[in-house]
Amino acid sequence: MILEIVIFLILSQLIFGLFLWYQVRDVYRYPNSFGFPVIGTLYDFYKGLSFMSLHNEYHYLKDISDRVGNGLYFAYVKGRRSVILSCPYIIEKISYNQSAAEKDPNTYGTVNPLIKGIFTYCSNDSEYKLRRKEVNNSLTKSLIDGPYANTFKRIGRKLTEDFVKNKDNLDLVYYCTNSALSIIKETHFGVENAEKNEDGRFFKVWIWILHFATLIFSNPLVAILFTFTYKIFDKVLMKKAHMLQAELGKSVKKHVRNTLKDPTAAPKYSTLSVVISLRNKSRNLDKFETKKELYELLLAGSHTAGTVLITSFAFMATLPEIQEKVWKEQYEIFGTSDRDPNIEDLKKMTYLERFIKEILRFFSPAFIGKVTTAEIKVGGVTIPAETVVYFLLGKAHMDPRFWKDPQVFNPDRAFEDQPKYAFAAFGVGVRSCPGMTYARQELKTIISIIIRKCKFFSQQKFEDFKYESHLMQEIVNLKPVRVEEREYLN
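Following this line, the structure appears as structure tokens:
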């Protein structure tokens, strides 16, 4: 009886593997396990059900790409026929193809029961285009150079004070994350003086939320469970962030109420959270639908900037020669003045610009997943419709064919001489990040203010850092740094 069961299981799996292989037979590129395509496809399928993190998923995809070595490989990943791309030239040919403009629902759509803004909205339909237009209108040059710039400067000064106050044992993750949250709360939620309401209790919950999101993104079984439990997650975990929710909700409600009461007396611009709320209110949508968009706005709007600030100061602390170059450029622009940077000052910060690009080469999202809506032909290969396309940006950013000594941090690299998608920190194609200009000005402003006042030191060496891929690449063993206050400023 036991032998019959074993034989049945083996045969059923071989038949299942044959069925999976049949789905990719015309485009299969590598036999995988033991040289047998059926076994390899079965391995791909079951491995995709147990990644447990985006870090594991990325390295699995990267390992496949490394074995094949041609920048394009078809496999069965997370229950879907998939193609793995790492060659910048192929990525460029596909990136703006309208048939590859929708995001992979098996990745981004998994969190849609609780989070659904333009980052995780999968379809490239009229609703997405409306939401994208709203976001673009909230990121105009006049807003970034005007009210947003004032927020960047004030938060930069506050962060400098925090660094100096905690100079002997500075937790970069805590202070940079809270500052990034304060900026998005003020610029996109209309919270006044947001930095005064930082809540240390929320910080730990926020980090947990970020990591839980990556678990859902990467694991289909967890995603299925989340579909039935997201309301419990919202009530239990997000309740711990009740002070933040109350703060944001109070601000948004006030601005919405004032706008509806007297549109002519409304501010010169409406924050994005208010635009979202008014749109959903006009459609008589449930408040939870608005909450889903605002959750993503808070997460996506703060996480990237927070991560880049953390790693910028961590790298400076372990690479003193580069820190000195960043500071020297600031000294050449400002001398001994402690004034805030203006637009013309920011344009002169060419080394800082390259420094931030090099940080993003190390720490941007490891991969992006899209899905084809029609057949695409590229490089003599046909990618069928309904195929998930993984753009391995992390591998492209570290490809020795395009970057000399890619593991070496070197802001003097000639980024402009590389293929377009050898560096793609803000995504690819029509679904690329709309906040590029906002983020760059935010980062340059804050780093400029802080590096003129603070000098960073670390007990760690650059080579000691260990990294994991979550929503972005992160340093997972970062220790507190030490700060010395520069005394030359007037």
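Per UniProt numbering, the sequence shown starts with residue 1, numbered consecutively.
Just so it is clear, CB atoms sit at the ideal spot from N, CA and C, and this is done for glycine as well.
Assigned exposure category for residue i - 16 Cβ within 10 Å defines buried
i           : result
Arg401      : exposed
Lys281      : exposed
Ala385      : exposed
Ser33       : Confidence is the limiting factor: at Ser33 the pLDDT is only 46, short of 50, which leaves the residue's position unreliable, though a coordinate-based value still follows. Ser33 should be labelled exposed.
Ile356      : buried
Ile217      : Checking the sequence shown, residue 217 turns out to be Phe, not Ile. Phe217 is buried by the Cβ-count criterion.
Pro88       : buried
Tyr488      : exposed
Lys231      : exposed
Leu42       : buried
Val476      : exposed
Glu416      : exposed
Asn106      : buried
Ser182      : buried
Glu321      : exposed
residue 497 : A question about residue 497 goes unanswered here, because the residues of the chain that appear run from 1 up to 490.
Tyr96       : exposed
Lys141      : exposed
Gln441      : buried
Gly35       : Residue placement at Gly35 is poorly supported in this model, since its pLDDT is 46, which falls under 50; the coordinates are not used for a value here.
Lys328      : exposed
Val38       : buried
Lys158      : buried
Val3        : According to the sequence provided, residue 3 is Leu. The question's Val does not apply to it. With fewer than 16 other Cβ atoms within 10 Å, it is exposed.
Arg131      : buried
Lys461      : exposed
Gly190      : buried
Met1        : exposed
Leu9        : exposed
Simplified DSSP state of residue i, which is helix, strand or coil
i           : result
Pro31       : With a pLDDT of 43 at Pro31, under the threshold of 50, the modelled position of that residue is not reliable, and no figure is offered here.
Ala180      : helix
Tyr488      : coil
Val68       : helix
Arg157      : helix
Thr229      : helix
residue 505 : Lying outside 1 to 490, the shown extent of the chain, residue 505 is not represented and no answer is given.
Lys280      : Lys is not the amino acid found at residue 280; the sequence shown has Asn there. Helix at Asn280.
Leu285      : coil
Phe19       : helix
Gly301      : helix
Val191      : coil
Lys270      : Rather than Lys, the amino acid found at residue 270 in this sequence is Ser. Ser270 falls in the coil class under three-state DSSP.
Thr140      : coil
Gly40       : helix
Leu14       : helix
Phe51       : coil
Lys461      : coil
Ile2        : helix
Whole-number beta carbon distance between residue j and residue i, since they are thought to touch under 8 Å
i           : j      : result
Ser458      : Thr290 : Actually they do not touch by this definition, with Cβ atoms about 43 Å apart.
Ala101      : Arg431 : 6 Å
Val274      : Leu72  : About 44 Å separates the two Cβ atoms, so there is no contact after all.
Tyr421      : Val428 : 6 Å
Thr304      : Met472 : 6 Å
residue 526 : Lys103 : Here the chain covers residues 1 to 490 and nothing more, so residue 526 does not appear.
Leu299      : Ile115 : 7 Å
Glu192      : Thr151 : Not really, about 10 Å apart at Cβ, beyond 8 Å.
residue 509 : Val77  : As shown, the chain starts at 1 and ends at 490. That puts residue 509 outside it, with no answer to give.
Arg482      : Lys253 : Actually they are not in contact, since the Cβ atoms of Arg482 and Lys253 sit about 43 Å apart, beyond 8 Å.
Gly117      : Leu352 : That pair is no contact at about 30 Å.
For residue i: DSSP bridge partner residues
i           : result
Gln473      : Ser469
Phe456      : Val483
Leu170      : Val481
Leu309      : Note: Leu309 sits in no beta bridge, so no partner.
residue 494 : Because the chain in this structure spans residues 1 to 490, residue 494 falls outside the shown range and cannot be described.
Val371      : Glu102, Val388
Residue i: CB within 7 Å of a non-hydrogen atom of the ligand SAM
i     : result
Phe51 : Among the components modelled here there is no ligand, and therefore nothing to report on the ligand SAM.
In chain order, each beta strand (DSSP E) run of at least 3 residues that lies wholly inside the region 79-136: Entirely contained in the region 79-136, the beta strand (DSSP E) runs reaching 3 residues are, in chain order, 80-85.
- Item | Inside the region 373-450 only - beta strand (DSSP E) runs reaching at least 3 residues | Runs found: 376-378, 381-383, 388-391.
- [ ] Enumerate, from N- to C-terminal direction, the unbroken alpha helix (DSSP H) stretches of 4 or more residues contained entirely within the region 312-365.
- [x] Fully enclosed alpha helix (DSSP H) runs of no fewer than 4 residues occupy 320-334, 343-348, 350-363 of the region 312-365, in order along the chain.
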